[in-house]
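Everything on this sheet refers to the single structure shown next.
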Amino acid sequence: MGHVVVVGAGCFGAWTAYRLALSGHTVTLLDAYGPGNSRASSGGETRVIRMGYGAQEIYTRWSWRSLELWKALSERAGEALFHETGVLWMAHEQDELTASTLATLERVGVPHERLSRGQLESRWPQIDSAAAGPESFETITWAIHEPLSGVLMARRAVNAVVREAVREGARYADAVVKPPAGTGGLTGGTNAQWRSHRAPCSIHFRTVAICSSVSVTPACGGGMRLARLAAEMRAKRRLFAGSPGTTIW
Ligand SMILES: Cc1cc2nc3c(=O)[nH]c(=O)nc-3n(C[C@H](O)[C@H](O)[C@H](O)COP(=O)(O)OP(=O)(O)OC[C@H]3O[C@@H](n4cnc5c(N)ncnc54)[C@H](O)[C@@H]3O)c2cc1C
């Protein structure tokens with residue numbers, strides 16, 4: 005199996021590296037600021053895991069599958085990474101999104117309850133029918149309750165995935181991958197082997213998976229340039245990396 009370099013250790017990169025390691029690939033996972041860092045979309049304390057995505061059934065199915073994987077990871081890691089708080093969708097009388105969510109949940113077989121206004125008020129008394137004003141719930145007439153959905157401890161969960169990937173043989177390093185500057189082909193490559201995550205280095209690889217997210221990549225040179233890097237690297241089979249802030253090109 006070939007050597008795969010995964011750029012970005014957010015939720016997507018961490019799972020990509022983990023699954024590749026499980027399937028026997030040699031994997032190097034790199035992140036400019038660390039797994040689930042505070043600049044990344046996957047940083048912060050929590051994320052909601054819910055199954056309701058309106059009529060977009062593919063997201064419901066993915067989310068349902070991902071919940072199973074997160075729970076299994078949580079158990080393997082011995083950490084409470086997911087909290088089954090339940091998720092409540094409150095709806096107005098004519099609420100197309102919630103109505104299509106209900107239809108999707110029924111079709112896919114995701115456990116849920118359809119609640120009337122009266123049931124809502126008796127189970128969550130803070131939904132007070134007497135209250136009025138823009139912050140009130142007075143226009144809510146029904147709801148969907150997803151009892152098995154809840155909260156994922158985002159930063160800790162992403163770190164746990166990276167730890168499991170490393171346990172399965174992947175290598176993780178703090179390193180920023182620099183897109184090439186200027187025009188034309190890549191020059192200045194070396195055949196140096198991996199030395200240390202502190203020093204500039206190059207890694208020979210077969211495939212690169214860019215999981216660096218548009219939210220952070222522009223600060224590191226732009227998504228287009230990183231995509232160009234991937235294309236050029238496919239030809240050169242070499243990826244250049246260094247510690248955060250190190251400019252290789
Ligand atoms: C405020 C907010 C709330 C959200 N709420 C929810 C929610 O409740 N439920 C839900 O399911 N989703 C939610 N999302 C969406 C979800 O968090 C993101 O879809 C997901 O975290 C994206 O993960 P990612 O791995 O693609 O990107 P990131 O987590 O951004 O990971 C990209 C990584 O790449 C690294 N990187 C970038 N460029 C380079 C480079 N050149 N070299 C090396 N490393 C690099 C970064 O340091 C970063 O760690 C939310 C997002 C935000 C921002």
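Here this note's numbering = 1-based position in the sequence shown + 4. For every residue, glycine included, the Cβ atom is placed at its ideal position computed from N, Cα and C. Bear in mind that the values here come from a model prediction, so they are computed numbers and not experimental data.
| Query | Result |
| --- | --- |
| First through last residue of the beta strand (DSSP E) which encompasses T32 | 30 to 35 |
| DSSP beta-bridge partners of Y57 | A59 |
| Beta carbon of G154 nearer than 8 Å to that of V112 | no |
| Buried versus exposed call for G6 [16 or more other C-beta atoms within 10 Å across all chains shown] | exposed |
| Ligand 1 heavy atom lying under 7 Å from the CB of Y63 | no |
| Within 8 Å, strictly: CB atoms of L109 and G58 | no |
| Heavy atom of ligand 3 within 7 Å of L73 beta-carbon | With respect to ligand 3, the structure shown offers nothing to examine, as its ligands consist of ligand 1. |
| E150 beta carbon less than 8 Å from that of V114 | yes |
| Where G122 falls: helix, strand or coil (DSSP) | helix |
| Secondary structure of G4, DSSP reduced to three states | Nothing about residue 4 can be read from this structure; the chain reaches only from 5 to 253. |
| DSSP beta-bridge partners of T50 | M157 |
| Proximity test, Y37 beta-carbon vs ligand 1 heavy atom, cut-off 7 Å | yes |
| Own chain partners of M157 with C-beta closer than 7 Å, once the 5 adjacent residues on each side are dropped | E49, T50, L85 |
| Bounding residues of the beta strand (DSSP E) (the contiguous stretch that carries V8) | 7 to 11 |
| Exposed unless 16 or more other CB atoms sit within 10 angstroms - verdict on P39 | buried |
| Endpoints, beta strand (DSSP E) assigned at E150 | 146 to 150 |
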